[in-house]
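Structure, as structure tokens:
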Amino acid sequence: MAEVILTVNTEIGIKVEADVITTDTFAGKNKSEIESLLVWQGPKQFPLSSFFDVEGDAGSSAEDTSIVVKGDTSRVKRIGEKMTAGKITVEGSVSMHVGSQMEGGELLVKGDADSWAGMEMKGGLLHIEGNVKDHVGCAYRGKWVGMSGGRIVVDGNANNNLGGGISGGEIVVGGNVGHYCGIRQNGGLIAVKGNAIRAVAAEMTAGTMVVNGTIERFSPGFEYMTNESDLKFDDIECPGNFKKFLGDNAITKRPKGTLYVNQAANMDL
Amino acid sequence: MTGTIVIKNGSVYDPLNEVNGEKQDIFIKDGKVVSELSDADMKDAKVIDATGKTVMPGGVDSHSHIAGAKVNVGRMMRPEDGYKATMGKTAITHSGSGETVPSVYMEGYEYSQMGYTTVFEAAVPPMEARHTHEEMRSIPMLDMGGYLVLGNNWFMMRYLKEGDIDRAAAYVSWMMKTHKTYGIKCVNPAGVENWGWGKNVSSLDEANIHFEVTPREMIDGLTEVNEMLGMPMSMHLHANNLGHPGCYETTKESLKLSSSVKANQDMDIEWAETKIDPSRDQSVYLTHMQFNAFAGTSWRDFESGVKPLADYVNNADHVVIDSGCVPFGEATCMTGDGPAIHDVAVLTGGKWSNTDVELECGAGVCPFTYLKSNPVHSTQWAMGLECLLLIDDPWKTIMTTDSPNGGPFTKYPLVMTWLMSEKFRDQTFSECHKWANDRSTLGGVDREMSLYDIAILTRANTAKTIGMAHRKGSFGVGADGDVTIYDIDPSKIDTREYSDLINKFSTAEYTIKDGQVVCHNGEITMIPERRTYYTDVSVPDANEKEMLKDVQEWFRYYSHGFNHYPTPEKYLVNPTAIKVNTEQ
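The listed protein sequences correspond, in order, to chains B and U.
Numbering-wise (the UniProt record's numbering), the first sequence opens with residue 1 and increments by one.
Numbering-wise (the UniProt record's numbering), the second sequence opens with residue 1 and increments by one.
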């Protein structure tokens, strides 16, 4: 696998729209071709080399290409957008839309990510080791069809609207989530190891959600079914005792959504 | 010299002059079609060699929702419509976004890329006329106009209930001038008023609340007023019960109402020279027939009711229809028929918007996705094409998608190609739900339209039907120099190679407006001057005086003052009044 290393060479002011930083765009290009790819910064376009030093040539296909991004990329948006194969590793933090509409391959962010990570993702693996902001794996504004495939792993905390409109794929959060986690979920799996605030799985019609921590304000449209313990969804394991709910009755008369809530952490339920 | 151009040796399709693919040269001088150019003019004229290409008059769309309050509500409601369909700016164009409800600039560019030069907004609520004109003046590339919604207007309902046709006519005349609009649109007559009370009307003889007027009385009255005044277009009808299984029967009854009314077009204008009489024949122009042609009693036994309606139209000579085709994919339903949109919103379970326009009408907006996997949507696709293929005389039909209700206007090329290619229809049958074939008659239709037919459906007849054939839709001497050149060689058309046709219709090689190349192979090359048409209708002074007394008295029900009601001419680009009923 050919490796291209991008290193930030300047202090980035206005955020950079770097949707060209994908294995698909890089594929088949040599160092100088990659350097001259254009990115928008505000109203102007610049070559990628205005922001990054480039080392190495890409492979012949996205699959054969690995990109490593170094330096302060916290003001770089859309890294890995729509990528279909190969690998991207970001050593620091990223701005919005990392892995947005991603279809395949592997994208690793070692720092934090801003909002819209993995928006409407269709496939592949997006792994964020730090915290993320809003709308992880969510539908775009105005839409109710979010992530439909692939996997997002967040080791830290996530903010609001995680997995909004998710219809397939999995989101695993190591820490806590904010409001509206899994709103309008209609398929797929969301597993939260930590706590959630409110409107968890609101308007859910299908799919599965697991909350291992405490839910501050439980959604009213869910009906208690039974207790289950030590859940396992393929390779995703959720040990412990869980109360199983069906919902959301607020949105449909025949809900098929399953919400598991850790019994010990939610004694008032 | 600007606006002077020669299009040489193209295969010309000009149905109003019965030119069917003959090789001809088109001469345009100072923006108008002329029979020839002098040697002196020829020196300065731009010459386009159109050998082996299809040459048609510029496209005319007679029914499209592209300007005004509900279009803008669609834009505001649908951020998701914009982010995947974007257009960058160039040195002369603005940027834009939106698939089904594009921003104003993009609407103009996209129409121009397809070869259109004239588009009429299908529904202008009187109180929203200013807003509509504000948008129309920002839409580049197109000559425009709009139809005024009057089927549930309090003044109209009162006058027609009382049978006071003279004052009703005076009101229409005053309203057209006041709002700078072009023709009468009638949406779910008497029903939208009931929607203010959470109800609708379900038959032609059901009187509505308070006004106690029936759809029959409204249709009869508006048709009578329309022909009495000699309006350019006939009454433009969106029939009652739209979108409900079984509604085709209501539609058929509604069409019968105007059968005995004689068309009367009384315009003080200069007519372009055409071989065929370009004045309109019809006394009713039914819009989006597909949505008005549902048969069955529920969504379970839903089927196409186009056949019986088409049979009726085939035997009648007072009707023109536009199709309201469904090309699949994203759409934004928007109509003055508030209750119909509510029904759509109940089906989708998604977001919707509803508005009551004080004393005048209402509107609703609801995003919609037509899926090939859905039995009803698939049937609707077949029905839209049935509307155009089962009616034998192309001069009774107009191609639309009721944009963006059935789908955005950018999908017209698909519809044109389905009409021309049975192979393409078969291909779509194989991809969509079997109901398309089982519940319609489209599968048994082997008619393939010619380029001549397409020119009728998208230019000649649209212009004729709405009374614009005096300057649009033909290459008659004196007509506007609007031309579309498609890179289609008529002698080499193979309708089995349908994807090629789709591409060629999507991007005209040249779009020429007023004798100037405004778009070349999809690239906007100049931003032309354009006009806004409205009707300036005369009525006897005494009638107008009495009518205005009523209007001022009733104006207390409005939330704003009488003086703020009119739309001044400064809201229009090149306001172009068409004088009507000038005998008065």
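Ideal Cβ placement from N, Cα and C applies to all residues, glycine included.
If you're wondering where the values come from, they're calculated on a predicted model, not measured in any experiment.
Are there 16 or more other CB atoms within 10 angstroms of the CB of residue i, so buried, or fewer, so exposed?
| i | result |
| --- | --- |
| His377/U | buried |
| Pro404/U | buried |
| Lys70/U | buried |
| Lys77/B | buried |
| Thr93/U | buried |
| Ser254/U | buried |
| Val346/U | exposed |
| Thr10/B | exposed |
| Ser95/U | exposed |
| Trp299/U | exposed |
| Lys570/U | exposed |
Note down, in chain order, every chain U residue with its Cβ under 8 Å from the Cβ of residue i.
| i | result |
| --- | --- |
| Tyr180/B | Those do not exist, as Tyr180/B stays about 16 Å from chain U at its closest Cβ, beyond 8 Å. |
Residue i: which of the options sits nearest, CA to CA?
| i | options | result |
| --- | --- | --- |
| Lys87/B | Asn227/B, Val173/B and Ala2/B | Ala2/B |
| Gly149/B | Pro255/B, Leu189/B and Gly130/B | Leu189/B |
| Ile5/U | Lys396/U, Gln516/U, Arg530/U and Asp14/U | Gln516/U |
| Val55/U | Asp402/U, Ile184/U and Asp489/U | Asp489/U |
| residue 295/B | Ser74/B, Gly99/B and Trp40/B | Since the first residue of chain B shown is 1 and the last is 269, residue 295/B is not available in this structure. |
| Ile219/U | Ile209/U, Glu80/U and Ser203/U | Ser203/U |
| Arg531/U | Ile48/U, Thr51/U, Arg137/U and Ala40/U | Arg137/U |
| Val39/B | Glu55/B, Ile21/B and Val8/B | Ile21/B |
| Val6/B | Glu55/B, Val172/B, Ala191/B and Arg151/B | Just to set this straight, residue 6/B is Leu in the shown sequence, not Val. Comparing Cα positions, the closest option is Glu55/B. |
| Val313/U | Ser304/U, Val284/U, Gly324/U and Cys333/U | Val284/U |
| Pro15/U | Gly522/U, Ile454/U, Thr582/U and Asp494/U | Ile454/U |
| Gly58/U | Lys46/U, Ser474/U and Gly384/U | Ser474/U |
| Leu108/B | Arg141/B, Lys70/B and Gly142/B | Lys70/B |
| His318/U | Val261/U, Asp337/U and Cys361/U | Val261/U |
| Gly146/U | Glu162/U, Thr214/U, Tyr159/U and Glu128/U | Glu128/U |
| Met289/U | Lys252/U, Asp301/U and Gln282/U | Lys252/U |
| Ala62/B | Gly13/B, Phe52/B, Glu91/B and Gly124/B | Gly124/B |
| Gly10/U | Gln24/U, Glu206/U, Asn226/U and Phe291/U | Gln24/U |
At 8 Å on the CB atoms, spell out the chain B contacts of residue i, in chain order.
| i | result |
| --- | --- |
| Arg78/U | Gly142 |
Can you grab the Cα-Cα spacing for the pair residue i / residue j, in whole Å?
| i | j | result |
| --- | --- | --- |
| Trp154/U | Asp266/U | 27 Å |
| Val537/U | Phe368/U | 39 Å |
| Met77/U | Ala340/U | 18 Å |
| Arg217/B | Met225/B | 19 Å |
| Ser97/U | Trp116/B | 20 Å |
| Asn212/B | Phe505/U | 57 Å |
| Ser491/U | Lys53/U | 9 Å |
| Ala202/B | Leu414/U | 40 Å |
| Ala239/U | Pro79/U | 31 Å |
| Thr401/U | Ser167/B | 31 Å |
| Thr205/B | Pro278/U | 57 Å |
| Gly115/U | Asp482/U | 9 Å |
| Ala190/U | Glu121/U | 22 Å |
| Leu237/U | Ser62/U | 13 Å |
| Ala67/U | Glu135/U | 5 Å |
| Cys186/U | Thr465/U | 16 Å |
| residue 585/U | Thr208/B | What is shown of chain U runs 1 to 584, which leaves residue 585/U out entirely. |
| Arg459/U | Glu217/U | 33 Å |
| Asn266/B | His133/U | 59 Å |
| Ser559/U | Arg130/U | 16 Å |
| Thr410/U | Ser234/U | 27 Å |
| Gly221/B | Asn262/B | 18 Å |
| Thr484/U | Asn461/U | 16 Å |
| Thr223/U | Gln427/U | 42 Å |
| Phe328/U | Pro408/U | 10 Å |
| Asp494/U | Gly146/B | 42 Å |
At a CB-CB cut-off below 7 Å, which residues of chain B make contact with residue i?
| i | result |
| --- | --- |
| Tyr83/U | Tyr140 |
I want to verify the contact list: residues of chain B whose CB lies under 9 Å from the CB of residue i, in sequence order.
| i | result |
| --- | --- |
| residue 586/U | Shown here, chain U extends from 1 to 584; a query on residue 586/U therefore has no answer. |
Is there a Cβ of chain C sitting closer than 8 Å to that of residue i, yes or no?
| i | result |
| --- | --- |
| Glu212/U | Of the protein chains in this structure, namely B and U, none is chain C. |
Flag residue i as yes when its Cβ comes closer than 7 Å to any non-hydrogen atom of the ligand ZN, and as no otherwise.
| i | result |
| --- | --- |
| Glu18/U | In the structure on display, the ligand ZN does not appear, and there are no ligands present to speak of. |
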